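Working notes, beginning with the structure itself.
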C-alpha cells in the first residue's frame, strides 16, 4: 500500500524507509512490543 513509512515514538522519528526494512528495525519492534521477553500467566505472587 505504501512505498515508504515513517515510525514515531513519543513524537520522535525512530525509523523511515521501505516497510520491509522498517518492520525489522529493532527500535520499531521495541517501541511496539516493549523490551525483552515476558512470560504470560498469573502475576507474580498470585494464588490460584
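In this note's numbering, the protein residues as written are 340 to 387.
Beta carbons are placed, not taken as given, at the ideal position from N, Cα and C, and that holds for glycine.
Here the structure is a predicted model, which is why all the values come from computation and not from measurement.
| Query | Result |
| --- | --- |
| Pick from 359, 360, 358 and 352 that is closest to residue 370, judged by C-alpha positions | 352 |
| Span of the beta strand (DSSP E), counted from its first residue to its last, around residue 352 | 351 to 356 |
| Among 350, 341 and 368, the one whose alpha carbon lies nearest that of residue 356 | 341 |
| Nonlocal neighbours in the same chain, by C-beta distance under 7 Å from residue 348, ignoring five residues either side | 370 |
| Bridge-paired residues (DSSP) for residue 346 | 354 |
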